[in-house]
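Here the numbering used here is used: the first residue of the sequence shown is -16, the next is one more, and so on.
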Amino acid sequence: MIYTCYEMVTDCRANRPEGWTHFITNYVPVIRKALAHYVPGKEADPMLLERILLAVRKPESFVFQATEPPEERWFVSQLRQIVMAELHSPAAEIALDLEQVGAALEPLTMTEKQAAWLETMRYAPEDAGPMLRVSAETVEKVRVRAAELIRGKVDAWRRTLLAENGPALGREAAVAQGADCLPGKAFLDVIDGRTAWRGREMMDQHLRGCLHCVDHFCRLLEVVYLLRGSQPLTAEEAEPLLRRLGIEAPKPTGWKRLLRRA
Ligand SMILES: [Zn+2]
């Protein structure tokens, strides 16, 4: 019997220890990997981790508000948003807003927009290339072009503007959802190669004009990177975290099932 992400969310909502234990065991390593990427050195900060875990437990968190059937990649993409919110990143010296970026990157295709957007998420061309199934050189070339396009739209500029404004742009993009925006499942279908040519064509069309969806798509690509090679915590590592959250650890016999990944 495999314990699925769907069962985990259901158990967490009912505040059953099984759900929260599975969450801590399997997803604290993912949170740490996201921290190591976005704020290197902070992945071992126990106060920051505790703040993130408490935010996940809040009734207004996505765990309790899910609108899509929870599958693991969707779950991790939402979890990443909580991590980002808890980082309280300082504002960039030269501010760039979503409208400016949207207007500047208008001539780029969907994949080119993603290559540029992954720079706001601090992915180097060597990481972004494999995510998009293009070479690192292609990503670098697109980024140089994107930077020049942005340069043409702003008064003050430097090459690193997109990365510096990443956290603010990500927050803006996340709430910029429109009526025609696509559900996460549509992007997962593309990632899994399940989309017919026509669906892909329509997606291309929409993403050319929608940074909300470009961001959403990129966050799902990021999930694959965050989950890769992730090792669950041991019962000994998970226990103090569970105790801090006031969750009673399941009986030893329950661990075996929970440690098996969905
Ligand atoms: Zn959209």
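Don't be surprised by glycine CBs; every beta carbon is placed ideally from N, CA and C.
Whole-Å CB distance - residue i paired with residue j, under 8 Å assumed
| i | j | result |
| --- | --- | --- |
| L194 | A156 | 5 Å |
| E26 | L18 | 4 Å |
| E11 | P53 | One detail in the question is off: residue 11 reads as Val in this sequence, not Glu. That belief does not hold up - the Cβ atoms of V11 and P53 are roughly 18 Å apart, past 8 Å. |
| L101 | C201 | 6 Å |
| V39 | Q83 | Actually they are not in contact, since the Cβ atoms of V39 and Q83 sit about 33 Å apart, beyond 8 Å. |
| R34 | E69 | 5 Å |
| Y21 | R134 | The pair is not a contact, with the Cβ atoms about 26 Å apart (cut-off 8 Å). |
| C196 | L190 | 5 Å |
| I230 | P0 | 5 Å |
| V59 | V13 | 6 Å |
Start and end residues, alpha helix (DSSP H) containing residue i
| i | result |
| --- | --- |
| P39 | As written in the sequence, residue 39 is Val, which differs from the Pro given in the question. 29 to 40 is the span of the alpha helix (DSSP H), which, as asked, contains V39. |
| A130 | 119 to 134 |
| N248 | In the structure as shown, the chain begins at -16 and stops at 245. Residue 248 is therefore absent and cannot be evaluated. |
| Y(-14) | First-last for Y(-14): undefined, no H or E at that position. |
| T94 | 93 to 103 |
| Y208 | 194 to 210 |
| V84 | 81 to 87 |
| W140 | Where W140 is concerned, there is no enclosing alpha helix (DSSP H), given that its DSSP letter is neither H nor E. |
| R116 | Taken as a continuous stretch (DSSP letters only), R116 belongs to no alpha helix (DSSP H), as it is neither H nor E. |
| K168 | 167 to 174 |
| R154 | 149 to 157 |
| L225 | 218 to 227 |
| G182 | 180 to 191 |
Residue i classed as buried or exposed, judged by whether at least 16 other C-beta atoms fall within 10 angstroms
| i | result |
| --- | --- |
| A(-3) | exposed |
| S118 | exposed |
| D198 | buried |
| T103 | buried |
| P215 | buried |
| I(-15) | exposed |
| A87 | buried |
| T8 | buried |
| M114 | buried |
| V158 | exposed |
| K16 | buried |
| E43 | exposed |
| G24 | exposed |
| E109 | exposed |
| A97 | Before going further, note that residue 97 is Gln rather than Ala in the sequence given. The residue is buried, with at least 16 neighbouring Cβ atoms inside 10 Å. |
| H71 | exposed |
| R116 | exposed |
| V207 | exposed |
| V122 | buried |
| G167 | buried |
| W3 | buried |
| R126 | buried |
| Q160 | exposed |
Test: residue i CB closer than 9 Å to a CB of chain C
| i | result |
| --- | --- |
| Q48 | Protein chains in the displayed structure number just one, and chain C is not present. |
Closer than 5 Å between the C-beta and any heavy atom of ligand 1: which residues qualify, listed along the chain? The set of residues with a C-beta under 5 Å from any non-hydrogen atom of ligand 1 comprises C164, C193, H195, C196, given in chain order.
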